[in-house]
Amino acid sequence: MSSRKEKLAAHNYFEEIMELRDKQREQKKDADIIVRVKDLPLENNRHGLMQWYLHPNMDDTPINSEIIYVQHIPPGSKSGRQHHPGGKLLYFWRGRGHTVVDGESYPWVAGDILQLPLRRDGVVYQHFNDSDEDTAKIIAVEANFTQTLGVDKGSVFEEIENSPDFR
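Under the numbering used here, think of the first position of the sequence shown as -8, with each following residue one higher.
This is how it looks when you write it as structure tokens:
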């Protein structure tokens, strides 16, 4: 087996970064600078019902330095329960409900913002829609550190409990 030095010597890392630059330029040259909600499918996943505006794997936008999605919570339902590093902003766009963060309940109404604290051991949170009639909509925004720190971001990222709406 070759040494690390020999493996590294097999590359010209400067030229590889230039090739990466060229690839990114080509990929982004026709990127959409407006993301329209009507063009976003409603994804059913373990955390619930979500529409993704920006995601680390989306390559059709000029930037992906943030992760942004809208979560839809049907009347009387809840999101999945997630263990997350924190550092996420949640804007309650529509509806009313409460979010449990590390066992403590925080009520919210449309127009409120909840900030998940950034903690070494992460935070556990789950959203609840307290309305029996209206869908709650939550806009979530966080910095996209998945390429530099990994998805766990030096902490943990797990879905502890699936949303009851997950099929």
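Note that CB positions come from ideal geometry on N, CA and C, so glycine has one too.
Taking residue 0 as part of the alpha helix (DSSP H), name the residues at either end of that continuous run. Here residue 0 is taken as the residue at index 9 of the sequence shown, counted from 1. It spans -5 to 0 - the alpha helix (DSSP H) in which residue 0 sits, taken as one unbroken run.
Contact the region 58 to 73 vs the region 26 to 41: 3+ CB pairs below 8 Å: yes
Could you tell me whether the region 141 to 152 touches the region 65 to 85, where touching means 3 or more Cβ pairs closer than 8 Å? yes
Every unbroken beta strand (DSSP E) within the region 95 to 126, with a cutoff of 3 residues, ordered by chain: 95 to 100, 104 to 107, 114 to 120
Tell me the DSSP bridge mates of residue 150? The residue given as residue 150 occupies position 159 in the sequence shown. Answer is 73, bridged to residue 150.
Roughly how far, in whole angstroms, is the beta-carbon of residue 126 from the beta-carbon of residue 47, given that I think they are within contact range, below 8 Å? Numbered from 1 along the sequence shown, position 135 holds the residue referred to as residue 126. Numbered from 1 along the sequence shown, position 56 holds the residue referred to as residue 47. About 27 Å; that fails the 8 Å criterion.
How many angstroms separate the CA atom of residue 6 from the CA atom of residue -2? As a first step, residue 6 must be located in the sequence shown, where it is residue number 15. As a first step, residue -2 must be located in the sequence shown, where it is residue number 7. In this structure, the straight-line span from the alpha carbon of residue 6 to that of residue -2 is close to 16 Å.
Does the pairing of the region 127 to 145 with the region 82 to 97 give three or more beta-carbon distances under 8 Å? yes
If you pair each beta-carbon of the region 13 to 30 with each one of the region 84 to 93, do three or more pairs fall below 8 Å? no
Pull up the DSSP beta-bridge partners for residue 134, would you. Here the question's residue 134 lines up with position 143 in the sequence shown. In the DSSP output, where bridge partners are listed per residue, residue 134 has 57.
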